[in-house]
Amino acid sequence: DELFGRPLDETFYEDLEETLLAADLGAGTTEAVIARLRERARAGIRTPDALRRALAEILVAILGEPAPLHLSPAPAVIVVLGVNGSGKTTTIGKLAHRFRREGRKVLLAAADTFRAAAIEQLEIWGQRAGVEVVRHAEGSDPAAVVYDAIQAMHARHVDVLIVDTAGRLHTKANLMEELRKLDRVVRREAPGAPVESLLVLDATTGQNGIAQARRFQAALPLSGIVLAKLDGTARGGIAVAIADALRLPVKLVGLGEHIDDLQPFDPRAFAEALLT
Amino acid sequence: QLQTRLGTVFTRLRGRGTLSAEDVDVALREIRLALLEADVNVKVARDFIARVREAAVGQEIWKSLNPGHQVVQIVHSELTRLLGEAHRGLVAAPKPPTVILLVGLHGTGKTTTAGKLALHLKKQGRHPLLAAADLSRPAAVRQLEIVGQRAGVPVVSPEGGEDAVALARRALARCRELPGDTLVVDSAGRLHIDEELVAELARVREAISPHYTLLVLDAMAGQDAVRMAEGFHRAVPLDGLILTKLDGDARGGAALSIVATLGRPILFIGTGERLEALEPFHPDRIASRILG
Ligand SMILES: Nc1nc2c(ncn2[C@@H]2O[C@H](COP(=O)(O)OP(=O)(O)OP(=O)(O)O)[C@@H](O)[C@H]2O)c(=O)[nH]1
Ligand SMILES: Nc1nc2c(ncn2[C@@H]2O[C@H](COP(=O)(O)OP(=O)(O)OP(=O)(O)O)[C@@H](O)[C@H]2O)c(=O)[nH]1
Ligand SMILES: [Mg+2]
Ligand SMILES: [Mg+2]
Chain W
1 DELFGRPLDE TFYEDLEETL LAADLGAGTT EAVIARLRER ARAGIRTPDA LRRALAEILV
61 AILGEPAPLH LSPAPAVIVV LGVNGSGKTT TIGKLAHRFR REGRKVLLAA ADTFRAAAIE
121 QLEIWGQRAG VEVVRHAEGS DPAAVVYDAI QAMHARHVDV LIVDTAGRLH TKANLMEELR
181 KLDRVVRREA PGAPVESLLV LDATTGQNGI AQARRFQAAL PLSGIVLAKL DGTARGGIAV
241 AIADALRLPV KLVGLGEHID DLQPFDPRAF AEALLT
Chain F
1 QLQTRLGTVF TRLRGRGTLS AEDVDVALRE IRLALLEADV NVKVARDFIA RVREAAVGQE
61 IWKSLNPGHQ VVQIVHSELT RLLGEAHRGL VAAPKPPTVI LLVGLHGTGK TTTAGKLALH
121 LKKQGRHPLL AAADLSRPAA VRQLEIVGQR AGVPVVSPEG GEDAVALARR ALARCRELPG
181 DTLVVDSAGR LHIDEELVAE LARVREAISP HYTLLVLDAM AGQDAVRMAE GFHRAVPLDG
241 LILTKLDGDA RGGAALSIVA TLGRPILFIG TGERLEALEP FHPDRIASRI LG
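Chain order of the listed sequences is W and F.
254 is the number that my numbering gives to position 254 of the first sequence; each next residue is one higher, with no gaps.
6 is the number that my numbering gives to position 6 of the second sequence; each next residue is one higher, with no gaps.
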């Protein structure tokens with residue numbers, strides 16, 4: 001409100017630039033947003049309220065329409081991927097809980113066979129959500145876990161299968177290839193099933209988030225982003241930069257560590273919060 | 001690459017005739033972009049650019065044969081200076097055990113780093129112990145137990161109805177009786193704005209008086225990192241940072257920003273998921289990385 005309660009001079013635009021940069025929009029997207037706001041100002045927008053609304057509209061236009069998860073016709077598969085520690089396993093626990101609440105039959109696949117106690121962690125979430133987890137021994141082939149989980153999905157008339165994968169840095173070619181392999185197994189064993197490939201992105205991520213989105217997208221077609229840890233003080237503006245660069249929609253936001261701390265992404269509310 | 005971009009900038013400027021002092025600002029805009037792209041905090045970048053301008057004007061770089069190269073030198077040396085000294089190793093407390101407390105946001109690599117530190121200390125001939133003080137994350141204790149097993153270091157895990165504070169206190173006592181000479185305490189990820197968990201951290205610190213309270217920071221952290229670090233620092237005074245996931249391509253500007261603002265050094269860097277992937281901090285290498 002401090003920003004919007006004053007005359008439209010150059011310091012206004014400088015301060016706005018600092019606000020957007022501080023929110024992790026990055027220099028490129030910030031410049032584009034300010035250029036668009038200047039156009040609107042030239043077209044006659046002058047009051048602080050109108051300015052704020054114009055700015056929110058510009059951000060919402062970049063973020064796109066609210067995008068739901070595509071889960072029908074059942075069975076659907078959701079593959080959850082992203083860099084280390086971003087919030088994948090926790091997000092899956094929350095999703096499982098939500099789907100069960102909606103009356104869907106859910107199955108989880110513990111395809112992180114690498115990290116210490118990853119399988120145990122997912123199993124605890126499975127118990128909390130009241131859903132079964134398909135798992136193998138630690139160190140086994142993740143593709144074999146996915147394969148088994150899909151057979152179980154068909155056999156047990158599951159509505160949604162959610163696959164947990166190991167965290168991986170997008171710069172590691174062998175790990176990105178492993179992800180491609182998991183995607184191939186899903187497409188081959190569940191042909192025609194709706195598949196959501198969700199990139200879980202930590203809301204505190206800076207400009208590296210763009211590289212993450214690009215490289216994961218290059219490995220397999222991403223259907224959307226889960227912006228986790230938005231309950232912190234980071235604004236998550238990297239999601240705007242990614243939408244601007246790749247048109248990749250945020251579908252869900254993580255707002256805490258509890259099982260119900262997951263909400264559909266609301267572009268307008270997000271844009272408003274960004275400007276606060 | 002910054003050097004190439006600056007080279008292009010100065011070539012274009014020279015195209016209009018001789019370079020002048022004002023042309024420095026065009027070059028400085030490129031440097032600012034590079035810093036922001038590297039997640040250097042906006043305010044830290046602004047102060048940094050002002051100092052670079054001063055040095056560039058002082059050296060009259062527009063008169064040099066290769067001003068682009070010279071500006072990069074100035075930036076690199078100023079970044080290196082800001083990042084501080086190379087880490088010379090953890091100093092053992094005069095009266096053992098040395099207590100190290102790891103803190104930070106969720107998922108930054110604390111549990112993994114605890115194991116790495118324990119292994120590093122063991123290789124140095126010390127006798128470390130690990131304390132599993134994360135009682136909230138599912139299977140966190142199990143994760144540290146596995147990591148401890150792999151490092152060949154004993155782990156103190158919660159018993160009975162112990163909370164994090166009681167566990168930490170008991171681990172310290174256990175360390176003394178074993179006898180171990182270093183206690184590495186893994187804590188739960190938490191937000192600097194979570195009053196309850198911040199208060200818990202302060203109570204843990206009170207119970208074990210760490211010689212090193214280290215903020216474990218993800219190299220890909222963005223602009224909010226300084227505010228976050230200040231929040232932690234207010235709750236438990238930080239002695240240094242461990243920067244993780246440097247095996248990726250995140251530039252690490254958030255780390256520079258925290259060092260510049262809090263005046264606390266980076267001690268170690270994490271360069272992978274294996275327990276051996278811990279290296280001492282070298283300022284010039286991180287400076288080059290931030291520059292891209
Ligand atoms: N505050 C907050 N914490 C979260 C959120 N999502 C996940 N976390 C926490 O982030 C940490 C990492 O979560 P995980 O689910 O283990 O992340 P991951 O991506 O599966 O990690 P790896 O499998 O090791 O790559 C845990 O401490 C979670 O509780 C969120 O929305 N808000
Ligand atoms: N590539 C890479 N991965 C790392 C590094 N350090 C930790 N990790 C990975 O990052 C993820 C999170 O590590 P944890 O040790 O569970 O992080 P944490 O801070 O203890 O997480 P919370 O306890 O939930 O706050 C795991 O997948 C680790 O294997 C590193 O230096 N490089
Ligand atoms: Mg996981
Ligand atoms: Mg941990």
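By construction, the Cβ of each residue, glycine as well, lies at the ideal position given by its N, Cα and C atoms.
Just measuring C-alpha positions, the residue of Val133(W), Trp125(W), Ala241(W) sitting nearest Arg137(F) is Trp125(W).
As the crow flies, the alpha-carbon of Glu54(F) is around 42 Å from that of Glu195(F). With a cutoff of 6 Å, Thr89(W) counts as near ligand 1, since its C-beta is closer than that to a heavy atom of the ligand. Taking a Cβ-Cβ threshold of 7 Å, none of the residues of chain F is close to Thr47(W); the smallest such distance is about 27 Å. Counting C-beta atoms within 10 angstroms of its own C-beta, Asp224(F) has 16 or more neighbours from the protein chains shown and is therefore classed as buried.
Glu18(W) reaches chain F at Val42, counting residues in chain order whose Cβ is nearer than 7 Å. For the pair Val75(F) and Gly89(F), the Cα-to-Cα distance works out to about 27 Å.
Between Leu201(F) and Leu59(W), the alpha-carbon positions lie close to 38 Å from each other. At least 7 Å separates the CB of Leu230(W) from every CB of chain F. Distance check between Val184(F) and each of His69(F), Asp39(F), Lys122(F), Asp218(F) places Lys122(F) closest, using alpha-carbon atoms only.
At least one heavy atom of ligand 2 sits closer than 6 Å to the Cβ of Glu273(F). The nearest non-hydrogen atom of ligand 1 is less than 6 Å from the C-beta of Asn84(W). Think of a sphere of 7 Å around the beta carbon of Ile78(W): no beta carbon from chain F falls inside it, the nearest being about 20 Å out. Beta-carbon to beta-carbon, Val80(W) and Thr91(W) are separated by about 6 Å, close enough to satisfy the 8 Å threshold.
Here the distance from the Cβ of Asp194(F) to the nearest heavy atom of ligand 4 is not below 6 Å. Assigned with DSSP and collapsed to three states, Val52(F) falls in helix. Counting only runs of 3 or more residues that sit fully inside the region 190 to 215 of chain W, the beta strand (DSSP E) segments are 195 to 202, in chain order.
In the DSSP assignment, Pro264(W) falls within the beta strand (DSSP E) that extends over 262 to 264. Among the residues facing chain F, Gln127(W) is not included, as its CB has no counterpart in that chain under 7 Å away. Pairing Pro75(W) with Met153(W) gives a Cβ-Cβ distance under 7 Å. Counting only residues of its own chain and dropping the five nearest sequence neighbours on each side, Val72(F) has a CB closer than 8 Å to the CB of Leu2, Gln3, Leu6, Leu291. For His106(F), the distance from the CB to the nearest heavy atom of ligand 2 is below 6 Å. Beta-bridge analysis with DSSP links Thr182(F) to Thr98(F), Pro128(F). Separation of the CB atoms of Gly254(W) and Gly87(W) is rounded to 6 Å, and the pair is thereby assigned contact status at 8 Å.
Between Val77(W) and Ala190(W), the CB-CB gap stays under 7 Å. For Asn174(W), no Cβ of chain F is located within less than 7 Å of the residue's own Cβ.
Linking Gly44(W) to Ala129(W) through their CA atoms gives a straight-line distance of about 53 Å.
What Gln121(W) touches in chain F, judged by beta-carbon distance under 7 Å, is Pro138, Ala139, going in chain order.
Residues of chain F with a Cβ closer than 8 Å to the Cβ of Leu21(W) are, in chain order, Leu36, Val42, Gln223. A check of alpha carbon separations from Lys43(F) across Ala254(F), Tyr212(F), Val155(F), Asp239(F) identifies Ala254(F) as the nearest.
At a Cβ-Cβ threshold of 7 Å, Leu79(F) and Ala260(F) do not count as neighbours. Secondary structure of Thr165(W) (DSSP, three-state): strand. Counting only residues of its own chain and dropping the five nearest sequence neighbours on each side, Arg215(W) has a CB closer than 8 Å to the CB of His170, Thr171, Met176. In the DSSP assignment, Asp141(W) falls outside any alpha helix (DSSP H), carrying neither H nor E.
For Phe232(F), the enclosing alpha helix (DSSP H) covers residues 225 to 235.
Not a single CB atom of chain F sits nearer than 7 Å to the CB of Gly236(W).
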